[in-house]
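One structure is given below, encoded as structure tokens.
There are 2 protein chains.
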Amino acid sequence: MKISTKGRYGLMLLVDLATHEGSAPVSLKSVAERQSLSEHYLEQLIAPLRNAGFVRSVRGAYGGYMLAKPKSEITVKDVILTLEGPLTIVDEDVQDGLEELWEKLKTAILTVLEQTTLQDLVDMKQRSEGGYMYYI
Amino acid sequence: MKISTKGRYGLMLLVDLATHEGSAPVSLKSVAERQSLSEHYLEQLIAPLRNAGFVRSVRGAYGGYMLAKPKSEITVKDVILTLEGPLTIVDEDVQDGLEELWEKLKTAILTVLEQTTLQDLVDMKQRSEGGYMYYI
DNA sequence: GCCATTTCCTACTATTATGGTCAGCATACG
DNA sequence: CGTATGCTGACCATAATAGTAGGAAATGGC
Chain U
2 MKISTKGRYG LMLLVDLATH EGSAPVSLKS VAERQSLSEH YLEQLIAPLR NAGFVRSVRG
62 AYGGYMLAKP KSEITVKDVI LTLEGPLTIV DEDVQDGLEE LWEKLKTAIL TVLEQTTLQD
122 LVDMKQRSEG GYMYYI
Chain X
2 MKISTKGRYG LMLLVDLATH EGSAPVSLKS VAERQSLSEH YLEQLIAPLR NAGFVRSVRG
62 AYGGYMLAKP KSEITVKDVI LTLEGPLTIV DEDVQDGLEE LWEKLKTAIL TVLEQTTLQD
122 LVDMKQRSEG GYMYYI
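Residue numbers (the working numbering), protein chains in the order written: chain U, 2 to 137; chain X, 2 to 137.
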């Protein structure tokens, strides 16, 4: 019962983009360095996110990625479902008489995922980094 | 993001035991037939359940298993955690700044699992089998 | 005592998902 | 033109899952 690194790294990637948002696009290389992730692997993760319209890319030298929507309008659910496919607690069309339980679980999980936006994650991460940066 | 068959078959097994509870112990063979599962595989699943004290066994001919506790006192959480180990949404000690999200998810899931007992599953399954059996 | 039944135990194996790596083309800035 | 970056598809190593296989030990019925 795990979130795969696909979903997790994908969120880290988007949070990083959201954090370093500015006029210029952000290169995957810089994200990979900051987050200590493999650039090649991030390339694979961002492809579906681009296709789904969460980020847009700028090719060529000095290119990179930027969020295509406000960070408060991208939910964790969007990202996880895009990267990991539909949430199947148990395989489709099993008939074990416990469908009601699986349905409850699914709802509970999706509720959390859909109540949390990228904006929330940015805030969350800043809090978790603790400490005040004001006087630096 | 799945419940493995370990947890799922384990629940089916216990629900079957709960349903066929009586004076005599219930053999795995009969459970395997009713639920269309492999007897050998069930053996592997019931071992930890026995060790954890949810069922007790009677060896030898005409032996089998029976619940060691009232079915209203065994929660789905007990069973799943026994069979699948601790619920780790993400690997231990990752530091991705999203710990708060993973914690929320974990809580949401465990809440559902711990509010549901074997008794609930028995009722649930009976309802799902639909139809009234009174006049048969 | 013997046989059938059933639990119990230890390996082994096949398949799948995960978590990547590798190689190379495509595009665009300077 | 050269370098930085995006983009794509193929490939691979490891671990987890989902079982199988084979038999030893216990126990009730005959």
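All C-beta atoms in this analysis are idealised placements derived from N, C-alpha and C, irrespective of residue type, glycine included.
field: Against chain X: residues of the region 96-116 of chain U by CB proximity under 8 Å
entry: For the region 96-116 of chain U, which is checked against every Cβ of chain X, the residues closer than 8 Å are D97, G98, L99, E100, E101, L102, W103, K105, L106, A109, I110, T112, V113, L114.
query: How about U:I75 and U:L15: do their beta carbons lie closer than 8 Å?
result: One thing to note: U:I75 has its Cβ within 8 Å of the Cβ of U:L15.
query: Going by DSSP, what residues sit across from X:Y66 in a beta bridge?
result: DSSP, once it has assigned bridges, lists X:V27, X:S58 as partnering X:Y66.
task: For the alpha helix (DSSP H) containing X:V80, list its first residue and its last residue.
output: Counting along the chain, the alpha helix (DSSP H) containing X:V80 begins and ends at 77-85.
field: Enclosing alpha helix (DSSP H) for X:K126 [first to last residue]
entry: Start and end: 119-129.
- prompt: Given X:Q127, which residues of its chain have a CB within under 6 Å of its CB, disregarding the five upstream and five downstream residues?
  reply: Setting aside the 5 residues that flank it on each side, X:Q127 has no residue in the same chain whose C-beta is closer than 6 Å to its C-beta.
message: Can you find the residues in the same chain that come closer than 7 Å, C-beta to C-beta, to U:P26, ignoring five residues on each side of it along the sequence?
response: Within the same chain, U:P26 has close Cβ partners V59, G64, G65, Y66, M67.
message: Just checking U:T108 against the ligand GDP - is the residue's beta carbon closer than 7 Å to any of the ligand's heavy atoms?
response: Because no ligand of any kind appears in the structure shown, any question about the ligand GDP cannot be addressed here.
query: Which residue from U:K30, U:A53, U:S37 puts its Cα closest to that of U:E44?
result: Looking at the Cα atoms, U:K30 is the closest of the given residues.
field: For X:G11, the first and last residue of its enclosing alpha helix (DSSP H)
entry: DSSP places X:G11 in the uninterrupted alpha helix (DSSP H) bounded by 6-20.
- prompt: Measuring CA to CA, which of X:D97, X:E130, X:K105, X:Q116 is closest to U:S37?
  reply: Of X:D97, X:E130, X:K105, X:Q116, the residue nearest in Cα terms is X:D97.
message: Taking the alpha-carbon of X:G54 as reference, which of X:G23, X:G61, X:K70 has the nearest alpha-carbon?
response: Taking the Cα of X:G54 as reference, the smallest distance to any Cα among X:G23, X:G61, X:K70 is reached at X:K70.
query: Where does X:I90 fall in DSSP's three states?
result: Assignment of X:I90 by DSSP, reduced to helix, strand and coil, places it in the coil class.
task: Please compile the residues from chain X whose C-beta is within a distance smaller than 8 Å of the C-beta of U:E85.
output: Going along chain X in sequence order, the residues near U:E85 (Cβ under 8 Å) are M2.
- request: List the residues of chain U whose Cβ lies closer than 9 Å to the Cβ of X:T89, in chain order.
  value: Neighbours of X:T89 on chain U, chain order: M2, K3.
query: Just the Cα atoms here: how many angstroms apart are X:A62 and X:E85?
result: In a straight line, the C-alpha of X:A62 is about 31 Å away from that of X:E85.
task: Could you give the DSSP three-state label for X:S1: helix, strand or coil?
output: Here chain X covers residues 2 to 137 and nothing more, so residue 1 of chain X does not appear.
- request: Take the Cβ of U:R35 as the centre, count every other Cβ of all protein chains shown within 10 Å, and call the residue buried at 16 or more, exposed below.
  value: Counting the other Cβ atoms within 10 Å of the Cβ of U:R35 gives fewer than 16, which makes it exposed.
task: State yes or no: is the C-beta of X:K72 within less than 8 Å of the C-beta of X:Q120?
output: It is a contact, given that the beta carbons lie within the stated cut-off.
query: Of all the residues that make up the region 34-51 of chain U, which are near chain X by a beta-carbon distance shorter than 9 Å?
result: Listed in sequence order: Q36.
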